[in-house]
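Trainee: Per my numbering, the very first residue in the sequence shown carries number 128; after that it's consecutive.
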Amino acid sequence: MNDNTTAPHLQRELLGHPAGLFVLFATEMWERFSYYGMRALLVLYLVKYHLFTDAEAAHTYAAYAALVYCLPVIGGVLADRYLGFRKAVVFGGLLLVAGHTAMAVEGDAAVRDAMGVVERDAVGINFMFTALALICVGVGFLKPNISGMVGELYPPGDGRRDGGFTIFYMGINLGAASASLFVGWLGETVGWSYGFGAAGIGMLLGLLTFLWGQKYLKGLAEPTNPEKLAEIHFGLKFEHWIYAISLISVVAIHWLLQRHQIVGGGVLLTFVAVYLFWIWHCARRAERQERNHIILVILLTLFSVLFWALFEQAPTSLNLFADRITDRVVMGYEVTAGQIQSLNAIFILLLAPVFAMLWTWFERRNIHLSYATKFGLGIVQAGLGFLVLVLGMSLTEEGTKVALIWLVLVYLFHTTGELCLSPVGLSMVTKLTPFKLVGTMMGTWFLASAGAEYVSGVLAALASIETPDGETVDLVNASTIYGDFFGSLGWLGAIIGLLILAFVPLLRKLQAQPDGSGAITVGEDGKKEEAKKTD
C-alpha cells in the first residue's frame, strides 16, 4: 500500500522471520489481553456493582460488541487512504490505553432503596460509558491495521507469510487466555478497578512495545499520500482533523452505547442495504458462475451470524451461569466465572495444530470438505455444546449447583466448532468473490459479525434472572430459566447445522466450476485458478 523506504525482506530477522513480526506479536498479544480481560469482567461488573438487570447488561454488551466490530471497517478505510497502518495503530493504542484506564474508575456502587429502586452514581456511569466509547474507537483504528502490517513484512510470494500469521494469531490466543485467567481473577477477588486497571496496564505495555519496536518496522505501512495529511484545512492539518473528528465521535458512541435499539437498527439497515446491493449485482451484472459463488458466500455469511450469536453467549449468559449456579471449586480452589472464559483460548492453542493436521490428512486422501460442510459442522457443534450443558443440568440434583465439567464441555464443543468454521470464513470470501469486489465482501463479513454480536446480546437478555443484590439467586428458578434458554439455543444450532449438512450437495454445486471442479485458489497475481473437486 506504500513505497517502503526499507525493503521488508532486508530487515533484521529472528527465528527465520522479520524481527518486526515479534513486535507486532507482542503488541497484539497485549491488546487482546486488555480486550479479553475487560470482556471477562464487563457483564459481571454491570450486574454486581452497578446493579444492572441481566437484560440491561446484555443489551449494553450487545451495543458495545456490535460497535467494536463495525468501527474497524471505518478505521481500515482511513488507514488505507490516508494515515497508513502505523499511525492508525499508534492512535488506536493511545485511545485504548485511555479507555481501559478509565474503566478502572468505578465511582460509587449502586444501591437499592427500601422501595426497590436502584440508585446509581451518574458520574461513575457516564465515566464508564466514555471509557467503553474510547475502547470502541481505539479497536477500530488498531485491530484491522496491525494485521495488515503483518502482511507488509513479507515480499510477494514469500513462503514464510502463512507461518508468520500463525505466530501472530498465537499471540492473540496467548493474550486472551492469560487475560481471562489473571484479569478475571483479579477483578472478582481483589476489586473491579484492579482488574480493569490490569487490562489498561496490559494495553500500555502493548503500545510501548510497538513504539519501541518501530525501528524494526522502518518504512512499513506509512501513509500513501503524506502530502495530503499535511494539507491545512481551517487552521488544522488534515491528519489532525482525522484525529479530532475521531475524538468527537467518542461522544456519539457514548450516546449510542446507552441506546442499543439504535445500534441494532443501524446494523440491520446497513445489513439490508448491503445485501440488496449483492442481489442487484447478481441480477444485473454477474455471470452464472460468479452469481453462484456470491450466493454461496452470502448464504454462509448469514449462517455465520447464527454460529457467532451462539458462541458469544460466553461473556453474557454463560458468564452469569458460571457465576451463579456452577460449582467452581477445583481441588479446594474456587475458580472465578471470568477465569472460565479462558477455556476457549486454551482449547484453541491445544487443538488448532490437531485440526490443521486433520485437514491435511483429509486432503492427502482426496477428501475435500466444502465450505458448507465445515460451516454445518461448526454450527452443529455450537448447538451440541448447549445440549450437553442441558443434559448436565438434568443430571444435577434440584437445588444444587451444576458441576464445572459440563461448562468445560460447552467451551470444548464451541471451540471445535469455531475451528471448523472460523478459519475458512475469510478464505471463502477471498477465493469465491470476484477480485474487484473482495473488499466489499470483506466488509459484509465483518458487518455480519457485528450483527451476530448484537443478536447474541439480545438473546442473552431472554435469560434474565432477578437478583435483588446482583448476586443472590433462587437456584431452582435460575436452573429452570437457564435450562429452557440453553436448550432452545442448542436445538436451534443443531437443527440448522444439520439442515446445512443435508443441503451440502446443492450448496456444493454453487461452489463448483463449470466443469464440475469445486475449490478455487487465488494466484500471486490475484487471478482465480481452479483446484480439485470439493466433496
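Glycine is no exception: its CB is placed at the ideal position from the N, C-alpha and C atoms. Since we're looking at a predicted model, the values are computed, not measured.
Give the straight-line distance between the Cα atoms of Leu634 and Leu426, rounded to the nearest whole angstrom.
Mentor: Rounded to the nearest angstrom, the two C-alpha atoms are 9 Å apart.
Trainee: Tell me the rounded alpha-carbon separation between Arg451 and Val377.
Mentor: Rounded to whole angstroms, Arg451 to Val377 spans 34 Å at the Cα level.
Trainee: Which word fits Pro353, buried or exposed, when buried means at least 16 other C-beta atoms lie within 10 angstroms of its C-beta?
Mentor: It is exposed - the Cβ of Pro353 has fewer than 16 other Cβ atoms within 10 Å.
Trainee: Residues in the same chain with beta-carbon distance under 8 Å from Leu338, minus the five sequence neighbours each way, listed in chain order, please.
Mentor: Once the five neighbours on either side are set aside, the close Cβ partners of Leu338 are Val217.
Trainee: Which residues does DSSP list as the beta-bridge partners of Thr453?
Mentor: Note: Thr453 sits in a beta bridge opposite Val529.
Trainee: Comparing alpha-carbon positions, which option in Ser549, Tyr188, Gly211 lies nearest Ile506?
Mentor: With distances taken between Cα atoms, Ile506 lies closest to Ser549.
Trainee: Kindly indicate which residue of Arg159, Phe502, Asn300, Ile299 has the alpha-carbon position closest to the one of Ala629.
Mentor: Comparing Cα positions, the closest option is Phe502.
Trainee: For a quick check, are the C-beta atoms of Ser102 and Ala306 less than 7 Å apart?
Mentor: What is shown of the chain runs 128 to 662, which leaves residue 102 out entirely.
Trainee: Taking 8 Å as the threshold, find out whether the segment 476-483 comes into contact with the segment 591-600 through three or more Cβ pairs.
Mentor: Output reads no: the segment 591-600 does not touch the segment 476-483.
Trainee: Give me the Cα-Cα distance between Ala499 and Val551, rounded to the nearest whole angstrom.
Mentor: Taking the straight line joining both Cα atoms gives about 10 Å.
Trainee: Going by beta carbon distance, what residues of the same chain come within less than 6 Å of Val238, once the five residues before and after it are set aside?
Mentor: The residues are Glu246.
Trainee: With which residues is Tyr460 paired in a DSSP beta bridge?
Mentor: Tyr460 pairs with Val457.
Trainee: How would you write the range of the alpha helix (DSSP H) that Thr500 sits in, first residue to last?
Mentor: From DSSP, the alpha helix (DSSP H) with Thr500 extends over 498-521.
Trainee: What separation, rounded to the nearest whole angstrom, lies between the Cα atoms of Arg455 and Glu417?
Mentor: Rounded to whole angstroms, Arg455 to Glu417 spans 52 Å at the Cα level.
Trainee: Would Leu559 and His367 qualify as a contact pair, given that the criterion is a beta-carbon distance under 7 Å?
Mentor: No, the pair does not count as a contact, with Cβ atoms beyond the cut-off.
Trainee: So, at 6 Å on beta carbons, what are the nonlocal neighbours of Arg166 in its own chain, with the 5 sequence-adjacent residues on each side left out?
Mentor: Hits under 6 Å: Pro442.
Trainee: Is Pro350 helix, strand or coil by DSSP?
Mentor: Note: Pro350 maps to coil in three-state DSSP.
Trainee: Our contact map puts Ile294 next to Phe152 with C-beta atoms below 8 Å; I'd like the distance itself, whole angstroms only.
Mentor: Indeed they touch by this definition, with Cβ atoms about 6 Å apart.
Trainee: Is Leu511 closer than 7 Å to Phe489 when the C-beta atoms are compared?
Mentor: Not in contact: Phe489 and Leu511 (Cβ atoms no closer than 7 Å).
Trainee: Quick check on the DSSP output: the alpha helix (DSSP H) that includes Lys636 runs from which residue to which?
Mentor: 631-638 is the extent of the alpha helix (DSSP H) around Lys636.
Trainee: Report all residues from its chain with a CB closer than 7 Å to the CB of Ala231; omit the five preceding and five following residues, and keep chain order.
Mentor: Here the set comprises Ser320, Phe323, Gly324, Gly327.
Trainee: Which residues bound the alpha helix (DSSP H) around Leu423?
Mentor: Where Leu423 is concerned, the enclosing alpha helix (DSSP H) stretches over 415-438.
Trainee: Would you kindly work out how many angstroms separate the C-alpha atoms of Glu524 and Leu531, rounded to a whole number?
Mentor: C-alpha separation (whole angstroms): 14 Å.
Trainee: Roughly how many angstroms separate the alpha carbons of Leu222 and Ala605, rounded to a whole number?
Mentor: Computed Cα separation, rounded: 39 Å.
Trainee: Using the Cα positions of Glu158 and Gly267, report the straight-line distance between them to the nearest angstrom.
Mentor: Computed Cα separation, rounded: 12 Å.
Trainee: Got a sec? Which residues, its chain only, sit under 6 Å from His387 by beta carbon, not counting five neighbours each side?
Mentor: Once the five neighbours on either side are set aside, the close Cβ partners of His387 are His186, Ala189, Ala190.
Trainee: In chain order, what residues of the same chain lie with their CB nearer than 8 Å to the CB of Met297, ignoring the 5 residues before and after it?
Mentor: Phe152, Leu476.
Trainee: For Pro145, is the classification buried or exposed, using 16 other Cβ atoms within 10 angstroms of its Cβ as the cut-off for buried?
Mentor: Under this definition Pro145 is a buried residue.
Trainee: Check each candidate in Phe179, Leu198, Met276 and name the one with the smallest Cα separation from Leu344.
Mentor: It is Met276 whose Cα lies nearest to the Cα of Leu344.
Trainee: Quick check for students: name the residue ranges of the alpha helix (DSSP H) that lie wholly in the segment 149-187, counting only runs of 4 or more.
Mentor: If we require 4 residues or more, the segment 149-187 turns out to have no alpha helix (DSSP H) run fully inside it.
Trainee: To the nearest angstrom, how far is the alpha carbon of Asn493 from that of Asp285?
Mentor: Using only the alpha carbons, I get a separation of about 27 Å.
Trainee: Using CA atoms only, rank isn't needed, just tell me which of Phe448, Ile422, Val244 is closest to Val603.
Mentor: Here the closest residue by C-alpha is Phe448.
Trainee: According to DSSP, is Leu363 part of a helix, a strand, or is it coil?
Mentor: Strand, per DSSP.
Trainee: Taking the alpha carbon of Thr557 as the point to measure from, which residue in Trp618, Gly318, Val631, Leu423 has its own alpha carbon closest?
Mentor: Ranking the options by Cα distance to Thr557, first place goes to Leu423.
Trainee: Taking C-beta to C-beta, are Gly211 and Glu349 nearer than 7 Å?
Mentor: Yes.
Trainee: I'd like the list of long-range same chain contacts for Ala215, defined as Cβ closer than 8 Å, with 5 residues on each side in sequence excluded.
Mentor: Within the same chain, Ala215 has close Cβ partners Gly202, Leu205, Ala206, Phe268, Leu269, Asn272.
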